Each structure stands twice: as C-alpha cells, then as structure tokens.
Amino acid sequence: MIRAKYLAAAVLCATSATVSAQRAVKVYISVDMEGITGVASADQLSPTSFEYPQARKWMTGEVNAAIQGAREAGATEFVISDSHGNGQSLLIDDLPTNVPVTVVRSFPRPLGMMEGIDSTFAAVIFIGYHAATTSITGVRAHTISSALLTRIALNGVSQSEAGINAAIAALYGVPVVMITGDDVIVAETRQRLGNLEGVAVKRAIGFHSAATMMPAVAQALIRDHARIAVGRRGEMKPYVMTAPITVDVSFKNYRPVELLGYLPNVQRVDAHSVRFIARDMIEVSKFLEFITNFDPTLSP
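Residue numbers (the working numbering): 1282 to 1581.
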C-alpha cells in the first residue's frame, strides 16, 4: 500500500513537471538602438555621444515594456540580445528579476543579433530596429555596418537586419511576431514577413531626422502589442530562406572585395561586390560576422 502511494506520488510529480514544461513559453527579444523612440542622429548612438545615457534608458524601457506585455500573454522566460554598437547598451540592472531573463552581450557572436536562438523558443520580438541600407527614407538606415556596406541580399532579395535575423530564427522554426522602430522598417518588415504586430514609434523624415512620440507613450504601445503578438504567435509563419542561400554583399570600398575574392569559396561579382553560397543561415551569419569584424591586428 505504501509502495503504491509512493508510485502514485511519483507519477503525479512527473505529470506536473511535464505539464509545466509544456506551458513554458520562451520569447527571444533582439534589441537595437536606431529604432528606439527619440533616437534620430549620432548624438544618441555611441558612448561618446551627449544623449547616449538617455537613449540607453529609452532602450531599456522599451525592452521592459515588451517583457511585460509578453508575460501578460503567458511568456515565462526571456533571452534578450543586446545588439547595438558594442552589444553593451542595455541597463541590465533595470531589467526584471522576477522572471527568468538572460542577456546576450558584446560581439562578435556566431549568430550576431540572434545569438542564443534555438527551437525551444515560441516567438521572436524585434525592438528598436531600423530600415535597410537600400532605404532612401529610413532613420539611420543601414544593414549591419553603415561604415562598410551598401547592400546585403539573400537569394537575390535586398535585406534589412530584420529580414536576415528573421531568416536565422526560421532555421529553428521560430516566427517573428512583432517589430518596433520607425514607420519605414515596420512597413518594410510587414511586407516581407506578413501581418506581424508593429509599433512605429517615430516617423522618418530622413536619415538624420524623425518625428518621434514620447517614450512613455511608445512603451505603453509596445506593452499592448507585445501582449497581442505573443497571443497571436500561432498565426505567424517563420521567414524561411531556401537553401543553398546566395549571399551578395556590396562594399563601399574596393580593397575588402579584392581580398575576399582571393578566397576559393567567395566570388568577386564586380568592383564592389562579392558572392558567397551558404548551406544555411548559420553559415550566412558567420560569413557576415567575419567580413564585418575581421582585422588581422585584432587582440588579444
């Protein structure tokens, strides 16, 4: 009789653990700064800029708003990818401690702005994103490196960072359910990925200017749409890139293209462009990380 009771208790515990695991809802949040409320120029974007400390507060506030909204929809765990500049912009002391939160910081990373994503996640949210380098209107529009690159295309389609990162998530079957930034990137991403939730926290006037809403207003909207987005995750489809994947990259300068053309698996297409054929989005990401980070004088 006692043995039967212990057996029943063990079965109940195992069942409870299984149910808890089934109820776990992990959300991946990749956050940049150019698309954050109030950000319009270089004066907010680097540690030496006069308004960078304030921009870090706005950025962290928007991440917290997304976490709050996602939790209201049942999210139980978060990985936050701190993905602007040196990858150390979030004020991590101000992130929640009453829910499991892991922050990915600094660069380089094999999966770039999506480091840590895997098939256990239910949804991806992009916060503070910006338009592609090919955009003529987006605030601070660029793709990965405004200093080095003029275009990145996957399978012949020019991509923003949102498109590249959504394709990385799709490798693991995870859909992007929400994006925030200026009106240009929200519209661009909806056109590419489908009817995901979007919050345009500012209207692009030009590369260096925007008409922005107030941070508190934007954060309230982000919280509401994050709740809706995570609730709608079953409707969203991953942005799958057909393999093998043709990666075309155009540079501002000649020399990187000439040197990359020495590699047997890289084709020099023209004076400013190279082509690489990748087996999957992991190879795409590693290639992009390499060409934008490698320097033979790197140390330690």
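We put the beta carbon where it would ideally sit given N, CA and C, even for glycine. These numbers were taken from a predicted model, which means no experiment stands behind them.
Other residues of its chain near residue i: CB distance less than 8 angstroms, five sequence neighbours each side excluded
i	result
T1573	I1425, S1426, L1429, L1430
P1381	T1357, E1358, F1359
E1442	D1313, M1394, Y1410, H1411, A1413, T1424, I1425
I1558	P1525, I1526, T1527, V1528, N1546
P1391	I1563, S1566, K1567, E1570
Rounded C-alpha distance that separates residue i from residue j
i	j	result
G1454	M1314	26 angstroms
A1302	A1403	Low local confidence applies: a pLDDT of 49 at A1302 is under 50, so the model's placement there is unreliable, with the coordinate-based value given in what follows. Cα to Cα, the separation comes out at about 13 angstroms.
Q1349	A1507	8 angstroms
T1357	E1396	19 angstroms
T1523	A1323	36 angstroms
Q1440	G1355	31 angstroms
L1544	R1304	48 angstroms
A1298	R1352	Summary for A1298: the model assigns pLDDT 47, below 50, so the residue's position carries little reliability, and this model does not support an answer.
N1476	P1581	45 angstroms
T1378	A1552	51 angstroms
A1447	F1331	33 angstroms
G1276	G1444	Given that the chain is displayed from residue 1282 to residue 1581, the structure contains no residue 1276 and the question cannot be resolved.
I1460	E1539	36 angstroms
Local conformation of residue i per DSSP, three classes
i	result
G1475	coil
S1311	strand
I1417	coil
T1470	helix
S1531	strand
M1459	strand
F1568	helix
D1363	strand
A1302	For A1302, the predicted structure reports a pLDDT of 49, less than 50, and the residue's modelled location is therefore unreliable. A value from the coordinates is still provided. Three-state DSSP puts A1302 in a helix.
N1446	helix
V1511	helix
E1358	strand
Whole-angstrom C-beta distance between residue j and residue i, which should lie under 8 angstroms
i	j	result
L1372	D1363	Between D1363 and L1372 the Cβ distance is about 10 angstroms, and since that is not below 8 angstroms, they are no contact.
F1407	V1344	Their Cβ separation, rounded to whole angstroms, is 11 angstroms, which puts F1407 and V1344 out of contact at 8 angstroms.
Nearest residue (CA-CA) to residue i, options the options
i	options	result
V1320	I1361, I1503, Q1548, A1336	A1336
M1394	R1386, T1401, S1400	R1386
P1334	S1566, Q1369, Q1440, L1541	Q1369
V1438	L1452, R1473, H1423, I1466	R1473
S1311	A1305, Q1325, V1384	V1384
S1554	Y1309, D1561, L1541	L1541
A1501	T1470, V1482, I1433	V1482
Cutoff 7 angstroms; reference residue i; Cβ partners in own chain excluding five residues on either side
i	result
P1496	T1318, G1319, W1339, G1342
Cβ of residue i within 8 angstroms of any chain C Cβ
i	result
L1435	Protein chains in the displayed structure number just one, and chain C is not present.
Nonlocal neighbours in the same chain, by C-beta distance under 6 angstroms from residue i, ignoring five residues either side
i	result
R1484	D1464, A1492
R1421	E1315, H1411
L1376	V1382
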